[in-house]
Amino acid sequence: MLHKPPQKRIYFEGATYFVTCTTHNWVEYFKEPIFCDLFVEILKLAKKIKGFDLYAFVVLLDHFHIMFCPHKAENLPKVMQYIKRHFSRNANFILGYENEEAIGQSLLRLREKYAHLKNEIDHLNNRIFDLRSQFLAKYDANQTQFYKFKWLKSYRDHYIRNSQDFEEHLKYIYNNPMKHKLPDAENYKYIYTNYPDLISEI
């Protein structure tokens, strides 16, 4: 039986993309606000390290949507790899599946490679340990109720073709908390409208 080879992703210079990424087995890690806060921190540093214009995002129970324009066409998979890898590692430290030394080495490599972002990397380091402390105070010995964090291997991306397509996806992201009937959806915290300093001008 013949198998089709996987489709190669094609990216365009100066293009904007709408991307969806989901947790492995659709586990609802993001019910816990600590992991939503971590995601926002990872996104802040990713924007500076990988270089992209961020137009919108929302973090939902088991997935996130993001709409952004990489500064280089080939950077889209690099942006997604960075977000997924660094979130997973730090989430698993908070959960107790990664040790402090591994996290320290990861942040040290970032400082060495991106010395001009030392303050931002130090801020992330402090936030990670603060979130870890919050998690331990909240769950104490019961943190094993959480599985080790994993993403689905791939992600779905959509090339934004024109201004109408852009507005439709912007509206889709904005309405997602209501669509998923999240608590206090109209005032949902983890959506782009609450982070104006993180959002690029159109």
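Residue numbers (the UniProt record's numbering): 1 to 202. All C-beta atoms in this analysis are idealised placements derived from N, C-alpha and C, irrespective of residue type, glycine included. Computed from a predicted structure; not experimentally measured.
With DSSP as the reference, identify every bridge partner of residue i, one or two as the case may be.
i, result
"W151", "T23"
"Y159", "Y17"
"I103", "None, per the DSSP bridge assignment."
"I191", "V58"
Between residue i and residue j, is the Cβ-Cβ spacing less than 7 angstroms?
i, j, result
"T16", "I160", "yes"
"H65", "T22", "no"
"L131", "I94", "yes"
"A46", "Y192", "no"
"I121", "L136", "no"
"E100", "N92", "no"
"F68", "H169", "no"
"N125", "L107", "yes"
"I34", "Q134", "yes"
Output the boundary residues of the alpha helix (DSSP H) element that contains residue i.
i, result
"D165", "S163 to K179"
"H116", "Premise fails: H116 is in no alpha helix (DSSP H) and is neither H nor E."
"P33", "P33 to A46"
"N75", "N75 to L95"
Excluding the 5 residues preceding and the 5 following residue i in the sequence, name in chain order all residues of the same chain whose CB lies nearer than 7 angstroms to its CB.
i, result
"Y188", "P177 and L182"
"L147", "Correcting the residue identity first, residue 147 is Tyr in this sequence and not Leu. So the list reads V27, once near-sequence residues are dropped."
"F87", "L38, F39 and I42"
"F149", "Y29, S88, A91, N92 and L95"
"Y155", "V19, T20, C21 and M80"
"K138", "none"
Give every residue of the same chain whose Cβ lies closer than 6 angstroms to the Cβ of residue i, excluding the five residues on either side of it in the sequence, and list them in chain order.
i, result
"V59", "F30, C36, F39 and Y190"
"I128", "N90"
"residue 203", "Nothing in the structure corresponds to residue 203, since the chain is present only between 1 and 202."
What span of residues does the beta strand (DSSP E) with residue i cover, start to end?
i, result
"L54", "F52 to V59"
"I66", "H63 to P70"
Is any heavy atom of the ligand GDP found at a distance shorter than 6 angstroms from the C-beta of residue i?
i, result
"L198", "In the structure on display, the ligand GDP does not appear, and there are no ligands present to speak of."
Could you tell me how far apart the beta carbons of residue i and residue j are, in whole angstroms, since I believe they sit closer than 8 angstroms?
i, j, result
"residue 215", "K48", "Residue numbering for the chain in the displayed model covers 1 to 202; residue 215 lies beyond these limits and cannot be assessed."
"K78", "K50", "6 angstroms"
"L152", "H71", "Actually they are not in contact, since the Cβ atoms of L152 and H71 sit about 26 angstroms apart, beyond 8 angstroms."
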